[in-house]
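Protein chains: 2
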Amino acid sequence: MIPNKVLEKIDKAKNILIITHQKPDGDAIGSTVALGKGLKKLGKEVDYYVDQNFEDKLRFFNEIEEFNKDLKDHYDLVLQLDCSTYDFTHHPESLEYDDLVVIDHHKSNAYDKESNYVKVTAATGELIYELLETLGIELDDEMKEAIFTAISTDTGSFQFSNTQASTFHVAEELFKDGHVFAPVSKRLHKQKSKQQLDMYADAIKAIETLKDGKICVITLPYETIEKNGGDLQITDDIANIGMDLDTAILSVLIKETEPENVRVSVRSKSPYDLDVSKLALEYGGGGHLRAAGFNVKGNPEEIKKEILGKIEEIFEI
Amino acid sequence: MIPNKVLEKIDKAKNILIITHQKPDGDAIGSTVALGKGLKKLGKEVDYYVDQNFEDKLRFFNEIEEFNKDLKDHYDLVLQLDCSTYDFTHHPESLEYDDLVVIDHHKSNAYDKESNYVKVTAATGELIYELLETLGIELDDEMKEAIFTAISTDTGSFQFSNTQASTFHVAEELFKDGHVFAPVSKRLHKQKSKQQLDMYADAIKAIETLKDGKICVITLPYETIEKNGGDLQITDDIANIGMDLDTAILSVLIKETEPENVRVSVRSKSPYDLDVSKLALEYGGGGHLRAAGFNVKGNPEEIKKEILGKIEEIFEI
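Chain order of the listed sequences is A and B. Residue numbers for the first sequence follow the working numbering, beginning at 34 and rising by one. Residue numbers for the second sequence follow the working numbering, beginning at 34 and rising by one.
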């Protein structure tokens, strides 16, 4: 159920600004596009202030052309999407408004649940769908694809443990009139250039394992990266190859992005007690329990040896 | 709606044999396990005759231990799952039965739709879900995971264009009591052995493109397959690499699984009007608009040339 106060504030507002988090992902962009277009259908004036620093694969919504255009000094209502704190939003330096309403699915969100729409779901896109349905707004194909993008991104194509019955319910509604979403799924999760595929294959071929396959190390020297079109052709999933390997519980990707400039990504597999941020901190990097990274200067083979030594010291594998 | 004749035949039968296609995939195994366990709950004697030649990642159902045990000489009913021709099933050499009912989702299935349950859906698993629901059988967790395995496999985790509103509806029902399917998804779509990763990398390295990258052909000669541990190390996603390539709209995977025994998988990308089952039918195979396959004997390089000729004839690319 959407709080009445949220519906009242939307009803009252004539002009609305939508904001979301920095480096927006598929949930942020999809939620923004779907809600913005929906509110316009209700006759609202909608502006968007969105960090433009996001992946190319998300740039297929026409509505993105309206982002960051003709901003006003004052808004009746600001809608903050997919973000549990205002600090982490991308927002104009000085922003004046009568009301702010948060629509977010993060567990850590501490905004009051009476005047905001905060509910733990797989994606903010689910909440946007419910809101548009409650407001009686018909979804056009772009809005449907935007909500699908939100959900598909945050659930890793319905694979992560946050996926719920309600997630599938929204997907069912989106698919009901026969619109085909396969091209969007492909775009979000599969499509690669030949260079990206080759880089991926070279990364697999570079796998070295230690400790009966429990540790997986991939080293990509500059020549390999250059041959396949440079650092930008290294897709996210390359850092996760080690985690896809059935035997591995800790993995290290060492990439020499420029000669002697080395970026290291470390991953560990649940449920093992291996906090990879500890390794990253030793090199002035950062991250989380299961994913961390840092930069080092030097020869990638020598760096590999050093890192493997540190892993031996820090972790019991 | 499930044909009355199908329900009557199941009702009448005391002992039932379930068969499915050769080299069963997730849809075949998942459908078999869910239906078999369900019919046992109805008090039926159920046996399974299933080709044991399938991927390790599917071997997580306890019910698999019952496969191919204590087979009878005669069955009241044989249920043929996920298979559009009897020839393509894995079946006992001499099989006696009173009735045979086909439950299958393939478009190319030509069995009569009055006495079989043949309907185009994303997976046979969807039909099994509907059947179990109609029969009033409660699903245990293994049956839920079996149906999820069927659907998740055949839709590529809800990404392929065969995914429909009804597919999500079934998933929603499976998720309703909070059972978490993330470990199954990981098992089906992510975890790989070193040999499987190597095979995948070799497949990428074998990519050839034609027509400005619109056609993608991958040929895996027997030596490559043998080197990486054999046919069973060829994961489903290898047949889809061509579709992952951004430029490709039609792809062919030619694998010499045994010397001179060649299996061909063809894929086409939506929304292009390329019905790849047409090509498969020319070789006595079958499939769908977007995914089809067939077997040929001969040298893989020569077969490749011939197939490319046929593609030129059939499709305008």
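We put the CB at the ideal spot given by N, CA and C, even for glycine.
Neighbours of V213/A across chain B, judged by C-beta separation under 9 Å: S194, T196, S303 and P304. The alpha-carbon separation between D145/B and V134/B amounts to approximately 10 Å.
For Y233/A, the nearest CB of chain B lies under 9 Å from its own CB, placing it at the interface with that chain.
Think of a sphere of 7 Å around the beta carbon of H222/A: the chain B residues whose beta carbon falls inside it are Q192, in chain order. With a threshold of 16 other beta carbon atoms within 10 Å, V213/B falls short and is exposed. Close to I97/A, with beta-carbon spacing below 7 Å, lies no residue of chain B; the smallest spacing is near 20 Å. Contact note: L278/B reaches chain A through K225, K227 and L230, using a C-beta cutoff of 7 Å and chain order. Residue environment for A143/B: exposed (fewer than 16 other C-beta atoms within 10 angstroms of its C-beta). Rounded to the nearest whole angstrom, the CA to CA distance from M34/B to I136/B is 13 Å. When DSSP states are grouped into helix, strand and coil, Y305/B belongs to the coil group. One finds E205 in chain A with Cβ atoms closer than 7 Å to the Cβ of H202/B, taken in chain order. Per DSSP, the continuous alpha helix (DSSP H) segment holding Q229/A begins and ends at K227 to K238. If only uninterrupted beta strand (DSSP E) runs of at least 3 residues are considered, those enclosed by the region 234-282 of chain B are 240-243 and 248-253.
Within chain B, the C-beta atoms nearer than 9 Å to that of P216/A come from S194, K302, S303 and P304, in chain order. When Cβ-Cβ separations below 9 Å define contact, F208/B makes contact with chain A. Separation of the CB atoms of L160/B and H139/B is rounded to 11 Å, and the pair is thereby denied contact status at 8 Å. Distance from the CA atom of V299/B to the CA atom of L341/B, rounded to whole angstroms, is 11 Å. Straight across, the Cα-Cα distance linking E98/B with V66/B is about 11 Å. The criterion of a C-beta distance shorter than 9 Å is not satisfied by G331/B and D269/B.
Counting only the Cα atoms, Y150/B lies some 19 Å from K77/B. Around the beta carbon of D60/B, 16 or more other beta carbons lie within 10 angstroms, which makes this residue buried. L50/A is a Cβ neighbour of L128/A, given a cutoff of 9 Å. Contact with chain B is found for G246/A, since one of that chain's Cβ atoms lies less than 9 Å from the residue's Cβ. C-alpha of C116/A to C-alpha of D187/A: approximately 13 Å in a straight line. As for any beta strand (DSSP E) of minimum length 3 sitting wholly inside the region 70-141 of chain B, the runs are 78-82, 107-114 and 129-137, ordered along the chain.
Think of a sphere of 7 Å around the beta carbon of K238/A: the chain B residues whose beta carbon falls inside it are A234, in chain order. Distances from the alpha-carbon of F181/A to those of S148/A, T167/A, E147/A and P216/A put P216/A closest.
Residue pairing from DSSP places Y150/B in a beta bridge opposite I136/B. Around the beta carbon of V153/A, a 10 Å sphere encloses fewer than 16 other beta carbons of the protein chains shown; the residue is thus reported as exposed.
Nearest to V297/A by alpha-carbon distance, out of A324/A, I347/A and S303/A, is A324/A.
In this chain, the alpha helix (DSSP H) harbouring A179/B covers D174 to D187. Residue pairing by DSSP puts G320/B in a beta bridge opposite A325/B. Distances from the alpha-carbon of S185/A to those of D174/A, G169/A and K219/A put K219/A closest.
Interface annotation, S141/A: not in contact with chain B, CB-CB separation never under 9 Å.
Taking Y316/A as reference, the option from I344/A, P304/A and L221/A with the minimal CA-CA separation is I344/A. The three-state reading of DSSP puts T196/B in coil, since its state is none of H, G, I, E or B.
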